[in-house]
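Chains L and B supply the protein sequences, listed in that same order. For the first sequence, our numbering gives the first residue as 162, with consecutive numbering after it. For the second sequence, our numbering gives the first residue as 183, with consecutive numbering after it. Glycine included, C-beta positions come from ideal geometry on N, C-alpha and C. Quick caveat: nothing in here was measured; it's all calculated off a predicted structure. Please read the structure below before turning to the comments.
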Amino acid sequence: MTETIEKSPPPSKPDTGGAWKRFFTNQTRFDFIGRSRLWLLVSLVVVGVCVAGVAIRGFNFGIDFTGGAAYTITDAQREIDPDELRAEIAAIVEEDLTVQVVEGGTGAIVSTQALAEDVQTRAEIVQTLAEHTGVATQEIDVSVVGPRWGAQISEQMLRALVVFLVLVVGYITLRFEWRMAVAAFVTLLHDIAVTVGVYAIVGFHVSPASVIALLTILGYSLYDTVVVFDRVTDESKAINATSSETYGEMANRSVNEVLLRSLSTSITSLLPVGCLLFIGANLLGADTLSDLALALFVGMAIGTYSSIFVATPLLVFLKEREPRYAELKEKILARRGGEQAAAVAGGGGSPRKGKKSRSKRKG
Amino acid sequence: MNRGRLWLVLGGFLTLVAVMWGTILAMGLRPNLGLDLQGGVSITLAPEPGQEVDEEILEQTVTVIRQRIDALGVAEPDIARQGENILVQLPGAADQAEAEEVVGRTAQLQFRPVRNIIPPDDPRYDEVSEDCDALLQELAGPAVPTEPVVLCGNPESLGEGVDPAEDAEVPAGQPVKYDLAPAAVVGADVTDARAAPDQATGLQWQVLLSLSREGGDRFEETTAELACEPPGSPQRQFAIVLDNTVDSAPQVAADIPCGQGIGRDAVITIGGGEEEARDLALLLRAGALPIQLEVATSQNVSPTLGVASLQAGLLAGFIGLLLVAVYLIVLYRGIGLAAVAELFMFGALVYGAIVLLGEFVGFTLTLAGIAGIIVSIGIAADSSIIYRERYRDEIRAGRTVRTAAEHAFKKAWKTNLTGNTVSFLAAVVLYYLAIGPVRGFAFTLGLSTIIDTLLFGTFTRSLFGLISRNPKLAKSRWMGLRAQEVAPDAVGATKDPRRRAKV
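The structure is reproduced here in structure tokens:
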């Protein structure tokens with residue numbers, strides 16, 4: 162019995178390396194580029210669903226956009242019954258009343274979208290809330306937003322977004338080249354569409370904090386894309402007419418090499434944001450934090466995905482239209498066709514096969 | 183860089199951090215907390231659309247609002263402009279409804295006949311209320327138009343409307359008090375007011391007042407009564423009351439006969455020149471504020487909730503940092519631990535910078551700002567990760583530990599600069615173009631980006647460089663520097679085509 166156990170190879174030290182080990186040592190060979198048509202299809206479908214979601218469901222705007230008042234109650238003396246509270250407030254204001262009970266019944270957020278500027282009505286509501294919950298009136302936090310504030314911030318945000326996009330496209334064109342700028346730009350649009358779509362479909366509440374988050378996500382997604390492109394640019398310097406790799410294969414290898422970095426960065430970014438989300442959700446008044454964290458969480462995940470599955474395939478598509486890379490690709494495929502008739506049938510250039518054939522020739 | 187210079191950079195960096203924290207600890211500085219973290223009332227006022235707004239008008243508006251807020255007696259109020267908006271911040275437990283009412287009201291103009299003038303040496307002077315600030319606070323809101331009231335004169339126009347003889351007895355700094363009858367005309371009755379030079383003489387400036395039909399009737403009625411008093415008598419004065427202060431109390435002109443008042447078009451001749459006339463006209467036109475404002479947002483955060491938010495933010499940041507640290511160590515072993523030291527330094531620098539900026543530039547840390555910092559933890563960790571990944575690449579390409587560390591730095595530095603430029607761009611655009619809480623977020627994000635690059639070029643570089651040059655550490659299997667851990671099939675890696683291309 163013991164003999165057989167000893168004979169089996171220790172699983173912890175595989176010399177050739179399992180998928181896990183390969184991942185940790187950046188030796189993965191996932192075919193991201195070769196299957197770009199599939200990813201394109203997936204992304205198109207997702208974007209389509211998101212656009213449809215926005216068109217059909219619209220957004221759940223918070224009072225910052227619609228105007229209205231929100232009352233926050235903490236440490237209520239008795240458990241709050243939402244229906245009862247609702248009925249009492251409805252006697253004062255009926256329009257667009259929402260009552261949300263949190264913190265195990267001792268906290269609540271009551272918001273109304275009407276009469277934001279009427280001081281007396283507010284005083285009445287605060288009084289009712291105080292009587293109902295046993296909290297002193299001055300301990301009830303009131304937030305009031307005028308009807309035009311939403312339009313004002315939306316306008317500012319849109320302007321910020323446009324200026325940012327122009328600057329970024331300019332910067333990437335200068336720092337790298339216009340094809341990368343185009344690829345990064347399309348990726349950004351993809352990220353915006355998906356994040357916004359998730360908000361519409363799930364019905365998350367949209368506040369100025371969510372909009373901040375959206376802009377941050379764009380920065381983040383770009384940052385991710387730029388890091389991948391930086392690597393691709395580095396590697397592309399080694400490509401010349403005698404190379405044994407097409408541009409697409411080189412890009413695919415680059416993405417594989419930065420895969421651990423991309424995932425690590427996403428994990429290290431999502432950990433703090435996840436904490437923010439978790440803690441923010443369990444605490445009243447920190448809704449700025451939780452709104453922000455939610456959008457960031459959604460957006461960062463999408464940003465990581467898109468830098469690999471959208472930005473790079475798009476870049477390869479653009480680059481392989483350049484005559485020198487197109488010629489190179491043709492040449493390499495033809496060469497491989499001679500060695501391995503089956504490889505031609507693969508069409509788009511499978512890097513896994515490419516790698517094999519390359520090492521064969523070297524060995 | 184050789185070892186000596188790396189030590190120099192490291193030493194220089196640590197000295198900088200020590201000086202920064204020495205200052206903070208020696209001066210006992212704490213971050214400047216925003217109202218959402220310490221509790222208080224914050225109101226954003228926006229001009230109602232369709233008005234002409236320029237710098238001067240906005241400055242004037244801020245001044246008027248400041249005066250009104252000062253009358254509330256709140257400690258350390260902050261009134262600032264933010265683009266065309268005006269931000270009023272009242273720390274502590276201020277009364278939100280009252281503050282909004284005081285700040286937002288526009289038509290606080292009343293015309294009241296004077297019943298009596300009480301100079302400061304009159305025994306009745308102190309009966310009403312000791313000084314004028316106390317008097318204003320007692321009123322806590324606009325004087326009821328239908329009731330008589332005692333109000334102070336405008337300290338800037340001391341003794342106006344009083345006999346020159348009486349005027350001489352008024353001590354400096356103590357405006358006279360006016361015993362006033364109920365208001366005859368209020369701000370809403372004023373349809374227009376224009377400054378113009380006196381048409382007859384062309385020397386003095388006047389304010390031409392137009393009133394509504396109803397207001398004009400009342401104005402006529404009142405002035406007809408006042409005109410029966412002998413010229414020069416206080417009872418012949420008609421006080422213009424702005425925000426509970428008698429701005430001026432002009433006499434009804436001597437040539438107006440008793441029982442026949444001034445109708446809908448009155449002329450106020452004032453002693454001053456063009457500027458005074460324009461100011462008065464402006465005030466009469468729009469109540470006391472030069473423009474119509476509306477409350478865009480008004481938020482009241484109780485101190486308890488503020489503290490809870492601050493703690494939640496800090497807790498989230500702390501736990502997040504801890505989890506990231508664990509991840510880095512698991513992934514990179516010893517050099518992961520070095521990355522944790524980098525994160526720690528990052529935190530110390532960001533926090534220090536926020537405290538110092540709060541002290542010397544007046545930067546306030548808000549909840550959105552804390553979120554910005556938490557987001558930047560990811561950016562800081564990424565810089566460390568990129569460096570380590572580049573290092574592994576170089577080792578796989580067959581370099582020695584020392585040269586790999588050096589080459590990796592150069593490449594990672596370039597990536598860091600490119601990536602951080604994009605993040606910084608985002609922060610700057612957000613800061614300049616956005617309003618409200620977004621700016622606090624953008625500021626800390628931008629600050630963190632700069633600190634990240636700074637840290638990468640100094641601390642990260644020298645720490646990693648020195649570790650890689652230490653033979654003991656470089657060979658230790660716990661450091662995660664050796665090729666055995668980084669690239670198990672490193673033997674084949676030397677034949678990597680990239681390596682060949684570089685040689």
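Proximity of B/VAL611 to chain L, defined by a Cβ-Cβ separation below 8 Å, is satisfied. In the DSSP assignment, no residue is bridged to B/TRP595.
Minimum Cα-Cα distance from L/VAL343 among the listed residues L/PHE478, L/GLY295, L/ILE362, L/VAL254 corresponds to L/PHE478.
Between the alpha carbons of L/LYS490 and L/ILE373 lies a gap of roughly 43 Å. The three-state secondary structure of B/PHE420, taken from DSSP, is strand. Under a criterion of Cβ atoms nearer than 7 Å, the residues of chain B adjacent to L/SER425 are, in order, LEU513, ILE567. Remark: fewer than three beta-carbon pairs, one from each stretch, lie closer than 8 Å, so the region 378-390 of chain B and the region 423-438 of chain B are not flagged as touching. For B/GLY647, the enclosing alpha helix (DSSP H) stretches over residues 643-651. Of the candidates L/LEU420, L/TYR408, L/LEU457, the residue whose Cα lies closest to the Cα of L/LEU432 is L/LEU457.
Counting of Cβ neighbours within 10 angstroms places B/VAL326 among the exposed residues, the total staying below 16. Counting only the Cα atoms, B/ALA478 lies some 42 Å from L/TRP339. In the pairwise beta carbon analysis, the region 355-367 of chain L is classified as touching the region 211-225 of chain L: at least three pairs are separated by under 8 Å.
Secondary structure at L/GLU256: coil, using DSSP grouped into helix, strand and coil. Around the C-beta of B/TRP660, fewer than 16 other C-beta atoms lie within 10 Å, and the residue is accordingly described as exposed. Considering only beta carbons, the part of the region 553-578 of chain B lying closer than 8 Å to chain L consists of ALA553, ILE556, VAL557, ILE559, GLY560, ILE561, ALA563, ASP564, ILE567, ILE568, GLU571, ARG574, ASP575, ARG578, in chain order.
Non-local C-beta neighbours of L/VAL207 in its own chain, meaning closer than 7 Å and more than five positions away in sequence, comprise VAL355, ordered along the chain. In this structure, B/ALA523 lies away from B/TYR514, with their beta-carbon atoms at least 8 Å apart. Contact with chain L is absent for B/GLN474, since none of that chain's Cβ atoms lies less than 8 Å from the residue's Cβ. Proximity of B/GLN278 to chain L, defined by a Cβ-Cβ separation below 8 Å, is satisfied. Taking all protein chains in view, the Cβ of B/GLY502 is crowded by 16 or more other Cβ atoms within 10 Å, so the residue is classified as buried.
Comparing C-alpha distances from B/GLU576 to each of B/ILE568, B/HIS589, B/ILE567 shows the shortest one belongs to B/HIS589. Shown here for B/LEU385: same chain residues with a beta carbon closer than 8 Å to its own, the five before and five after excluded, namely PRO379 in chain order.
Neighbourhood of L/ILE463 in chain B, by CB distance below 7 Å: empty, with the nearest CB roughly 15 Å away. Boundaries cannot be given for B/GLY455, as no alpha helix (DSSP H) includes it and DSSP labels it neither H nor E. If you draw a straight line from the Cα of L/THR429 to the Cα of L/PHE226, it comes to about 32 Å.
In this structure, the beta-carbon distance from B/GLY628 to B/ILE555 does not fall below 8 Å. Bounds of the beta strand (DSSP E) holding B/GLY335 are 331-335. In this chain, the beta strand (DSSP E) harbouring B/THR427 covers 427-430.
Measuring C-alpha to C-alpha distances from B/LEU492 to each of B/ALA535, B/THR548, B/MET527 identifies B/THR548 as the nearest.
Here B/TRP387 is bridged, per DSSP, to B/PRO379.
Take the alpha-carbon of L/GLU245 and the one of L/THR233: they are about 17 Å apart. Residue state for B/ASP437 is assigned as coil, using DSSP reduced to three classes. Within a 10 Å sphere around the beta-carbon of L/PRO484 sit fewer than 16 other beta-carbons, which makes this residue exposed. L/MET318 has a beta carbon lying within less than 8 Å of a beta carbon in chain B. CA-CA distance, B/ALA463 to B/GLU238, rounds to 16 Å.
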